[in-house]
Every structure is written in C-alpha cells, then in structure tokens.
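If you count the sequence shown from 1, you need to add 455 to reach the numbering used here. The beta carbon of each residue, even a glycine, is placed where N, CA and C say it ideally should be. These numbers were taken from a predicted model, which means no experiment stands behind them.
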Amino acid sequence: MSALFANVKDRTVKGMLLPYGEASRLSVSGAEPVSFAKGTVKLPRDPKALNANIGHDRFMPAARFESIQDTDGGLVAEFSVADTEEGDDLLAGIESGRLTRLSAEVRDLVRNGAFAVSAVLTGAAFVSEGAFASAALFEVAQTEEHHEDVFTDESGVTWKRVEDTTRTVDEDGTTTTETTSVESVETPDSTPDEDNTREEFAMTDSLVPDGVATPEANKVDHSASALFADLAKAHTNGDASSLRGFEAAQGSLFALKDITAGDRAANSGAGITAATGIAGTIGTAQFIGEVYAQKAYTQRVIPLLRHENLTSLKVSGWKWGTAPAVGDWAGNKTEIPSNDVTVSPVETIAERIAGGHDIDRALRDFGNEEWWASYFRTMAESYAKQADNKVYGKLIAGATVVAPGTVPSGVDAGTAALVDGALSVVNAGLTPTFALVSSAIYRSLLLTPKDKVLEFLSAGVGLEEGDLAGFKIVPHASLAAKRVIVGSREAATVYELPGSPIRVEGLDVAKGGIDPALYGYLAFLINDASGIASVTTA
Numbered sequence: 456m457s458a459l460f461a462n463v464k465d466r467t468v469k470g471m472l473l474p475y476g477e478a479s480r481l482s483v484s485g486a487e488p489v490s491f492a493k494g495t496v497k498l499p500r501d502p503k504a505l506n507a508n509i510g511h512d513r514f515m516p517a518a519r520f521e522s523i524q525d526t527d528g529g530l531v532a533e534f535s536v537a538d539t540e541e542g543d544d545l546l547a548g549i550e551s552g553r554l555t556r557l558s559a560e561v562r563d564l565v566r567n568g569a570f571a572v573s574a575v576l577t578g579a580a581f582v583s584e585g586a587f588a589s590a591a592l593f594e595v596a597q598t599e600e601h602h603e604d605v606f607t608d609e610s611g612v613t614w615k616r617v618e619d620t621t622r623t624v625d626e627d628g629t630t631t632t633e634t635t636s637v638e639s640v641e642t643p644d645s646t647p648d649e650d651n652t653r654e655e656f657a658m659t660d661s662l663v664p665d666g667v668a669t670p671e672a673n674k675v676d677h678s679a680s681a682l683f684a685d686l687a688k689a690h691t692n693g694d695a696s697s698l699r700g701f702e703a704a705q706g707s708l709f710a711l712k713d714i715t716a717g718d719r720a721a722n723s724g725a726g727i728t729a730a731t732g733i734a735g736t737i738g739t740a741q742f743i744g745e746v747y748a749q750k751a752y753t754q755r756v757i758p759l760l761r762h763e764n765l766t767s768l769k770v771s772g773w774k775w776g777t778a779p780a781v782g783d784w785a786g787n788k789t790e791i792p793s794n795d796v797t798v799s800p801v802e803t804i805a806e807r808i809a810g811g812h813d814i815d816r817a818l819r820d821f822g823n824e825e826w827w828a829s830y831f832r833t834m835a836e837s838y839a840k841q842a843d844n845k846v847y848g849k850l851i852a853g854a855t856v857v858a859p860g861t862v863p864s865g866v867d868a869g870t871a872a873l874v875d876g877a878l879s880v881v882n883a884g885l886t887p888t889f890a891l892v893s894s895a896i897y898r899s900l901l902l903t904p905k906d907k908v909l910e911f912l913s914a915g916v917g918l919e920e921g922d923l924a925g926f927k928i929v930p931h932a933s934l935a936a937k938r939v940i941v942g943s944r945e946a947a948t949v950y951e952l953p954g955s956p957i958r959v960e961g962l963d964v965a966k967g968g969i970d971p972a973l974y975g976y977l978a979f980l981i982n983d984a985s986g987i988a989s990v991t992t993a
C-alpha cells in the first residue's frame, strides 16, 4: 500500500469516490446506467459529518470523511479509518485487496435519461466492486477490461481479436486509458454430439448423491451487475439470501447473528451450520449430538443474599440516617427524651441483560429438539453467569474495608481474616452468614484441621457449632489472593424480575427465520454496608 494514498499506520486512505463522465454499470434500483458531471452533486459544508461503511452496511461504520475535493475528474475523498474492530476489518480488507473499491451514497437523485441532474452526497462505502469502474483507492485505482471478437475475412479465414483496456486514475482524478489489440487465427472447436451431451448430463445427475453440491452449483456470480441486482432485491423485499456470495455485502441487513440449517449429508445428521461457528462440515462420522464439554454454571454470589421480586425498572426507598431512639426518663411529669431524626433516599436502576439470534426455521420444522434444548439451556446459563458477575462486582465495590488484626502464632492468616471480618459484622449488629474467599485462602482453609477452623470461628463469631452449619465459605476465582469478604444475608438484596431470563420468539416470515431471545432484569441494593466486611491479609 502506497504511503502517499493509504497510510495504514495513520489509518488514512484516499481515492476516487465518484468519477465524472463515466456511466455506472447498473444502479441499485435496477434503472438504466447514469453518469455524473461536475457540479451535479451537492456536498456538505463539513465533510467530517459523513461516515463510510463496509459494503453499504449501515451497521458497519468504519471510517469518517476528512476531506472532499471536487476535481475535474470527479470527487476525490480522504478518509480517517476508525480505531474500532470495524476499522481494523476495513484496513485488513484494503491490504488483502478485498475492499479497495469506493461507492458513493447519494439521495434525492434527479436524472435526465442517462445523465444525473442533481443529487446529495450522504456517505460512502468500501466494497469489492462498485457501480463505477474508476471509483477506487488510488493505489489500486487501475481497472482492466478484456474483450474478444471472432470474425471471418474475405478469404474465409476465421480470426480472433483480443482487446485489453487498462484505466488508471491519478491522484488529481485524471484517468489514463491504454488499449492493446492482438489478432490471431482461430481454429474452430469440434461441435459435440447433442445426444451424447444429454446422456452425459443425465448420468452425472444420477451419480451425484443427494445433498452433495456439484462444482457448477457452488459457483457465485461476482460480477457488478449480479451484485447490484441482488442488492436491489434485498432492499425491495428483504431477501438477502442471494448476497451471501458477496463478502462486502454479507450480513448488511441483519442485526442478529445468523444460525442456519445446513445440509444433513454434509454434516452427518447435525443439520447445523452457523456464521457463529457452531459446526462445520465434518464428513461422514458417527453423530453424537452436543458434546458435553463443561459443568453447567452454578451461581455463587446471588444465593448468599436476600432475593426479592423486581416490579419496576427503578427501585426506590429510604433509610435512616439518625434513627429515632429512647433514653433515660426521670418521670414525675418531666419531659421524655427526644432526638433529631434524619432519613436519606435510596434508589437504583435495574440492569438489563439480553441476547438473541436469527435462526433458520428449518431447525424447528425438522424436529431438531435436542439442538433447541441445548440452545436455550446454554443461553440461560450465560444469563445466570452475567447476573452473578454483576452482583459480585457491586458487592465488592460496596463492602466496608476492615483492617486485619495481628495473626497469632500457629494460626492460618486466612482463618484470622475470616474471624476479623466476622467480628466486624457482629459489631454492626448483624449475624455473619457467608464468606467469599480467594482460591489461595480457600486452599489454606482446606489444609487446616476442621476443629481448628470451627474453634476460631465459634469463638470469634460467638456462635455454637450447630449454628455454623448455616455459615457458607465460598471460593471465588476473581478475588485477590489475600482477600476475604464476610457478610450477612440481610445486608444486601437482589431484585430480579420473576421468570428471568424471559424467553421470547419472533417470526421472520420473509426470510424463513425464527428470532429467539432471552431478556432479564436485575437490581441490587446494599442495605447496610457495615454488614459486608472486606479484609485483606498482611
């Protein structure tokens, strides 16, 4: 890539966006070709207001206009590629040669036959092949056309003329055209027998197993005419299935990731292929269904806390600042004690958790119940993990930091930290019910004799051994190596919409799809921060 026109390090590219005096191949609407002249396209006062996407996909913005030059040859645009995943994809596509063409996006097009009268520039797209042959990044703004013509001269000799035309666009928008022509004697090919040809095709059809595509079936028309015709079809009736052969346009009409039913012969009964990589072609093999790869996720934090139903997106209430209190009274008709009382508002907004996909309805029409059960189970587990992690993060952030005490000789530091945290919760007037510990401290506790642990906890917490059965020690991999969280169940409350995650399905009739999704709502409140103690061992 030339440093003059495309600087990958600085994430800038430049090229011919809309050439003047050149007829388009085919417009998106399927109308006759059109050409633009200088002055027919209205430009914004501030070019930086316009964006550029990948493949005319409004969900794939990847660059921003930096400047637009209205030259005699056409509109020359310079772009600043975004520092995003889409921007990285664009740079990779440019370097590979896949996204080296430019395509202007305009509105309010007024035309007089094959000539544009006026239009408004609204953006641009980086594509594999655009409507105009010369619209491309300057480094690759070279187009080639190949024409062959067979003719017979007066003496009856058949000739073949091959004509190659190369157009190169300079930085100032000037187009240079070079044409070469070569003629040679053409030897006619023998004409195959019609009956033999029909018989050969019939035999070929009968020998191809069901579900196995022939080479001809796999061919995709990558011509500009085919691309723009398919784009027109997609925007007219919502059918984007024909766009899957064009990488630049693929997925431009979808917000959800596609999961499509594949050929059973190709997938040995799995019947599943997906853009998300669920399964590929595995040939002929024993089909065993979903591979059981890991244990289902079990929430570790939410079960330790109070749990209430969520009835609104906003949870609000109040708590005492200075609570009302009684005091000594002398009697004999003297005034009784009274103190100043304060309250403070408390509120939180519920967090939203959701996920969904656009799934080929064939996966349901052919009774693939095992797949659907696995899909919803996996999505529900993902929700459970997300919710648990959110509550864990808020619990840690709202905990009261407690300084560790001196660790007596022969006592494990982790056990001492548990006692310090438990004592802090007891001193706040609450009963400790759980402890979250790091993996390192949990290991030290497991290696400490059970009687020793219970002895220190019983003495520190002031509970009898029988009551300690309700005190849970839970390891958590996200905790720092020397950290312990001791809390009371009453110190925090999790509010969750009943039934979460809620399963919802929609039908995409035009494309034969089913759009399942899961939604959940979760709110969290620390009722008393002194009931959640955080201790870090020395």
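| field | Which of helix, strand or coil DSSP assigns to ILE523 | value | strand
| message | Within a Cβ cutoff of 6 Å, which residues of the same chain sit near GLU951, ignoring the five residues on either side of it in sequence? | response | LEU765 and LEU977
| request: Could you say which of TYR830, LEU557 and ALA478 lies nearest to ASP970 if we only look at CA atoms? | output: TYR830
| request: Measure the Cβ-Cβ separation of VAL756 and TYR847 and say whether it is below 7 Å. | output: yes
| message | Rounded to whole angstroms, what is the Cα-Cα separation between GLU477 and ARG819? | response | 50 Å
| request: Determine the DSSP secondary structure at SER583, reduced to helix, strand or coil. | output: Coil.
| From ALA507 to ALA569, what distance separates their C-alpha atoms? | 26 Å
| query | Taking C-alpha atoms, which residue in LYS503, ALA835, GLU802 and VAL536 lies nearest to ALA809? | reply | ALA835
| task | Over the uninterrupted beta strand (DSSP E) stretch that includes SER989, give me the two end residues. | result | 987-991
| According to DSSP, is VAL468 helix, strand or coil? | strand
| For the segment 746-773, which segments carrying the alpha helix (DSSP H) assignment without a break, of at least 4 residues, lie completely within its bounds, in sequence order? | none
| Taking C-beta to C-beta, are VAL941 and ALA890 nearer than 7 Å? | yes
| query | Considering only C-alpha positions, which residue in the set ALA559, GLY967, GLU618 and LEU554 is nearest to MET471? | reply | If we check each option's Cα against that of MET471, ALA559 comes out closest.
| Rounded to the nearest angstrom, how far is the Cβ of VAL801 from that of LYS769, given a contact under 8 Å? | Not quite, the Cβ-Cβ distance comes to about 11 Å (not below 8 Å), so this is no contact.
| field | Nearest-angstrom Cβ-Cβ length linking GLY529 and LEU473, presumed shorter than 8 Å | value | The C-beta separation of GLY529 from LEU473 comes to about 5 Å, placing the pair in contact by the 8 Å criterion.
| query | Out of curiosity, what's the CA-to-CA distance linking ILE981 and HIS511? | reply | 48 Å
| query | GLU584: buried (16+ other C-beta within 10 angstroms of its C-beta) or exposed? | reply | So GLU584 ends up on the buried side.
| request: Give the DSSP bridge partners of ALA532, in chain order. | output: GLY470 and ILE523
| Buried or exposed: where does PHE514 fall if 16 or more other Cβ atoms within 10 Å of its Cβ makes it buried? | Classification for PHE514: exposed.
| Sequence-distant residues of the same chain with beta carbon closer than 8 Å to ALA935, five excluded per side | SER893 and THR991
| Backbone CA spacing between GLY578 and GLU550 [nearest angstrom] | 22 Å
| field | Helix, strand or coil at ALA984 [DSSP, three-state] | value | helix
| Taking C-alpha atoms, which residue in SER799, GLY494, VAL964 and TRP827 lies nearest to VAL575? | Considering only alpha carbons, the answer is GLY494.
| request: Give the DSSP-derived three-state secondary structure of TRP826 in the structure shown. | output: helix
| request: Closer than 6 Å by C-beta to ALA703: which residues in its own chain qualify, once you throw out the five before and the five after it? Chain order, please. | output: Summary for ALA703: the model assigns pLDDT 38, below 50, so the residue's position carries little reliability; its value from the coordinates is reported in the next sentence. These residues qualify, in order along the chain: GLY510, VAL582 and SER583.
| query | Could you give the residue range of the beta strand (DSSP E) that holds THR861? | reply | Element bounds for THR861: n/a, residue is neither H nor E.
| request: Please classify PHE1002: is it buried, with 16 or more other beta-carbons within 10 angstroms of its beta-carbon, or exposed? | output: This structure cannot speak to residue 1002, because the chain is shown only from 456 to 993.
| How about LEU973 and PRO956: are their beta carbons less than 7 Å apart? | yes
| Pairwise C-alpha distance: ILE928 and ARG944 | 13 Å
| request: Let me know if ARG832 comes out buried or exposed under the rule of 16 or more other beta-carbons within 10 Å of its beta-carbon. | output: exposed
| In terms of DSSP beta bridges, what is PRO930 paired with? | VAL892
| request: Identify which residue in ALA504, THR753, ALA778 and ASP544 has its Cα closest to the Cα of THR797. | output: Its Cα nearest to that of THR797, the residue ALA778 stands out among ALA504, THR753, ALA778 and ASP544.
| How close, in whole Å, do the beta carbons of ALA946 and LEU885 come, if the pair is a contact with beta carbons under 8 Å? | 6 Å
| message | Rounded to whole angstroms, what is the Cα-Cα separation between ASP563 and SER573? | response | 8 Å
| field | Strand pairing of ILE940, partner residues [DSSP] | value | LEU891 and SER989
| task | Consult DSSP for GLN836 and reduce its assignment to one of helix, strand or coil. | result | Gln is not the amino acid found at residue 836; the sequence shown has Glu there. DSSP places GLU836 in the helix class (H, G or I) of the three-state scheme.
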